[in-house]
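Numbering (this note's numbering), first residue to last: 4 to 179.
To keep things clear, I will list the structure first and then write my remarks on it.
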């Protein structure tokens with residue numbers, strides 16, 4: 004998404020630029036499952052904290068299951084390692100596990116209490132991004148600012164994970 008004429012010329016340039024960040028800071032929090040993480044961390048001088056699904060991550064997610072509460076889609080999982088807790092988020096998709104683990108890792112780093120983290124995660128909503136509009140318990144209506152083909156494909160793949168009987172997509176696009 005960040006490789007092209009206006010940002011990075013190729014993946015190698017992107018990885019190199021990312022790696023420079025971690026030669027200039029004291030702390031870095033990383034997705035241990037990220038592709039090219041070893042390359043990004045090459046030569047780092049920061050203290051490293053990680054999250055992910057693997058046993059080597061400081062914070063580990065397991066037992067992920069998708070939730071459909073009739074009009075609300077979400078995800079739940081167990082976190083272990085540096086923090087032990089059950090997490091539930093009313094934002095659909097397994098990508099929400101990674102997003103929430105990022106937030107949890109940052110909060111943990113800054114000493115935020117577990118109860119505050121869980122309470123905050125239970126209230127997270129992002130207007131216009133996988134935003135559920137409560138109109139009926141018989142179907143789910145969602146708005147998302149999927150602004151390019153990759154975003155729309157990702158959104159539709161996420162929704163298919165919930166095995167809907169029918170998936171209707173209405174989209175608009177801005178014009179010049």
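Every residue, glycine too, gets a C-beta built ideally from N, C-alpha and C.
Could you work out which residue in the options is closest to residue i when comparing CA atoms only?
{"i": "residue 107", "options": "72, 61, 168", "result": "61"}
{"i": "residue 89", "options": "141, 103, 98", "result": "103"}
{"i": "residue 66", "options": "123, 14, 82, 105", "result": "82"}
Can you list, in chain order, the residues of its chain with a C-beta nearer than 7 Å to that of residue i? Leave out the 5 residues immediately preceding and following it.
{"i": "residue 28", "result": "49"}
{"i": "residue 17", "result": "5, 6, 11"}
Buried or exposed for residue i, going by 16 or more other Cβ atoms inside 10 Å?
{"i": "residue 125", "result": "exposed"}
{"i": "residue 127", "result": "exposed"}
{"i": "residue 119", "result": "exposed"}
Which same chain residues end up closer than 6 Å to residue i when comparing Cβ atoms and leaving out the 5 residues on each side of it in sequence?
{"i": "residue 51", "result": "31"}
{"i": "residue 68", "result": "79"}
Can you find the residues in the same chain that come closer than 8 Å, C-beta to C-beta, to residue i, ignoring five residues on each side of it along the sequence?
{"i": "residue 131", "result": "146, 147, 148"}
{"i": "residue 170", "result": "159, 162, 163"}
Return the Cβ separation of residue i and residue j in integer angstroms, given the expectation that the two are a contact with Cβ distance under 8 Å.
{"i": "residue 35", "j": "residue 55", "result": "4 Å"}
{"i": "residue 140", "j": "residue 77", "result": "The Cβ separation is near 15 Å, so there is no contact."}
{"i": "residue 161", "j": "residue 98", "result": "7 Å"}
May I ask you to verify whether the segment 125 to 142 touches the segment 92 to 109, counting CB pairs closer than 8 Å and requiring at least 3?
-> yes
Inset, instruction - Tell me, please, whether the segment 40 to 48 touches the segment 107 to 126 by the rule of three or more beta-carbon pairs shorter than 8 Å. - result: no
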